[in-house]
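A.B. asks: I'd like to ask some things about the structure below.
As structure tokens, this is what we get:
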């Protein structure tokens, strides 16, 4: 059972980021007052982040704060000043491969910064914390499709480990302080205004510039590519779905996706894994160009396949992602060419 409560003011962290940018636009469009927070770091193009922010700052009902999650005093000030009723925590240090060489960035943002968000929610009466987890938490799991009811104790990258830690920290705060928390395991999100460090953007840029693309595991990996509008639709619907304790939770056979406290985890994926080689073929068709390919072995930290079981999500909000990669990639290519022609 869930309770539905009206939203007054929402904090979206990572507002200059890919998903945060789209979520802010959707929330403002439905009349919410939104405060966006981001440190606008240089992990990828600062200009792209500034261009996203320029669009958001033109919206009535949006206010932006440039700050670092790891700054505890600043986070306390922000929460005290605004008294948020909801928090959508999407800010994080992203990227599996980057975590192999820059672990400190993940500790500061994904652990220290995340703890500051939890503390802000705890001390300032936030009615619901939604936070970004990742399909990476499934690690070495082999049972497909991945379910939130499966154990996820074997991550294979530090990035994945920090996301698993976020879920555990959320459960602790839900248990100790009755803070309602909802974890969102995103599956390979793509679309307009996407991250330049992700495959679709990297491939598109290289193909347009007649450079070869690096194709890991010879293109044999499978990913549950999920279009950003579908992610945002799910998030907007979940904002007011306040978790309640699972009255059927059994400590002898514990369910990892819920608890005896107001805690839930959901997958948000397209429920249709696609082989990377086919993904590239669809992109070549949309671009009208053929890619030159460097076929490379599997990279450390990568998983062979992601495939989301979204039955819990659909049951709770009456929605599941449905955008095909043909449609999604076509929309991305149009945006990419428009954006880079300026």
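In the numbering used here, the protein residues as written are 358 to 699.
For glycine and all other residues, C-beta sits at the position ideal for the given N, C-alpha and C.
Count the other CB atoms, across all protein chains shown, that sit within 10 Å of the CB of residue 404; report buried if there are 16 or more and exposed otherwise.
C.D. replies: exposed
A.B. asks: Measuring alpha carbon to alpha carbon, tell me which of 416, 433 and 398 ends up nearest residue 701.
C.D. replies: The question about residue 701 has no answer, for the chain in this structure spans 358 to 699.
A.B. asks: Determine the burial state of residue 628: buried for a count of at least 16 other Cβ atoms within 10 Å of its Cβ, exposed for fewer.
C.D. replies: buried
A.B. asks: Relative to the alpha-carbon of residue 499, which residue among 645, 660 and 655 has its alpha-carbon at the smallest distance?
C.D. replies: 660
A.B. asks: For residue 534 and residue 450, I'd like the C-alpha separation in whole angstroms.
C.D. replies: Residue 534 and residue 450: Cα-Cα distance of roughly 26 Å.
A.B. asks: Per DSSP, what kind of secondary structure is residue 609 in: helix, strand or coil?
C.D. replies: coil
A.B. asks: Compute the distance between the beta-carbons of residue 487 and residue 384, then report whether it is under 8 Å.
C.D. replies: no
A.B. asks: Decide yes or no for the touch test of the segment 369–383 against the segment 539–558: beta carbon pairs closer than 8 Å, at least 3 of them.
C.D. replies: yes
A.B. asks: By the DSSP assignment, the alpha helix (DSSP H) with residue 519 in it spans what residues?
C.D. replies: First-last of the alpha helix (DSSP H) with residue 519: 515–534.
A.B. asks: Got a sec? Which residues, its chain only, sit under 6 Å from residue 572 by beta carbon, not counting five neighbours each side?
C.D. replies: 650 and 652
A.B. asks: Measuring straight from C-alpha to C-alpha, what distance separates residue 475 and residue 537?
C.D. replies: 11 Å
A.B. asks: Grouping DSSP H, G and I as helix and E and B as strand, with all else coil, what is residue 578?
C.D. replies: coil
A.B. asks: DSSP state of residue 358, grouped into three classes?
C.D. replies: Because the pLDDT of residue 358 is 42, which lies under 50, any placement of that residue in the model is unreliable, and the number read from its coordinates should be weighed accordingly. Residue 358: coil per DSSP, three-state reduction.
A.B. asks: What three-state label does DSSP hand residue 684 in the structure shown?
C.D. replies: helix
A.B. asks: Look up residue 393 in the DSSP assignment and give the residues it is bridged to.
C.D. replies: 369 and 421
A.B. asks: Helix, strand or coil for residue 546 per DSSP?
C.D. replies: strand
A.B. asks: Whole-angstrom Cβ separation of residue 421 and residue 481, contact assumed at under 8 Å?
C.D. replies: Not confirmed; about 20 Å, so no contact.
A.B. asks: Leaving out five residues on either side along the sequence, give the residues of the same chain with a beta carbon under 8 Å from the beta carbon of residue 407.
C.D. replies: 373 and 397
A.B. asks: Just verifying my parser: in three-state terms, what is the DSSP assignment at residue 459?
C.D. replies: Residue 459 sits in coil when the DSSP states are folded into three classes, being neither helix nor strand.
A.B. asks: Report all residues from its chain with a CB closer than 8 Å to the CB of residue 640; omit the five preceding and five following residues, and keep chain order.
C.D. replies: Same-chain partners within the cutoff: 557, 560, 561, 564, 648, 686 and 690.
A.B. asks: Below 8 Å on the Cβ atoms is my guess for residue 380 versus residue 592; work out the distance and round it to an integer in Å.
C.D. replies: Contact holds; Cβ gap of about 6 Å.
A.B. asks: Leaving out five residues on either side along the sequence, give the residues of the same chain with a beta carbon under 6 Å from the beta carbon of residue 432.
C.D. replies: 473 and 477
A.B. asks: Smallest Cα separation from residue 540: which of 657, 580 and 519?
C.D. replies: 519
A.B. asks: Determine the closest residue to residue 391 out of 448, 444 and 426, with distance taken between C-alpha atoms.
C.D. replies: 444
A.B. asks: Any chance the segment 495–510 sits against the segment 660–671, with 3 or more Cβ pairs inside 8 Å?
C.D. replies: Yes, since at least three Cβ pairs between the segment 495–510 and the segment 660–671 fall closer than 8 Å, the two stretches touch.
A.B. asks: Which term fits residue 515, buried or exposed, when burial requires 16 or more other beta carbons within 10 angstroms of its beta carbon?
C.D. replies: buried
A.B. asks: Mind checking which residues open and close the beta strand (DSSP E) that includes residue 573?
C.D. replies: 570–573
A.B. asks: Which residues in the same chain have their Cβ closer than 6 Å to the Cβ of residue 456, if we skip the five residues on either side of it in sequence?
C.D. replies: 463, 514, 515 and 516
A.B. asks: Taking buried to mean at least 16 other C-beta atoms within 10 Å of its own C-beta, is residue 417 buried or exposed?
C.D. replies: exposed
A.B. asks: Enumerate in chain order the residues of its own chain whose CB-to-CB distance from residue 440 is below 8 Å, with the five nearest sequence positions on each side excluded.
C.D. replies: 366, 481 and 482
A.B. asks: Give, in chain order, every unbroken run of the beta strand (DSSP E) that is at least 3 residues long and sits entirely within the segment 583–657.
C.D. replies: 620–625 and 650–653
A.B. asks: According to DSSP, what are the bridge partners of residue 503?
C.D. replies: 665
A.B. asks: So what does DSSP say about residue 540, is it helix, strand or coil?
C.D. replies: strand
A.B. asks: Classify residue 304: buried if its beta carbon has 16 or more other beta carbons within 10 angstroms, exposed otherwise.
C.D. replies: No statement about residue 304 is possible, as the shown extent of the chain runs from 358 to 699 and does not include it.
A.B. asks: Would residue 662 and residue 630 be called neighbours here (beta carbons separated by less than 8 Å)?
C.D. replies: Going by C-beta atoms, residue 662 is nearer than 8 Å to residue 630.
A.B. asks: Looking at the unbroken beta strand (DSSP E) that takes in residue 443, where does it start and where does it end?
C.D. replies: 443–446
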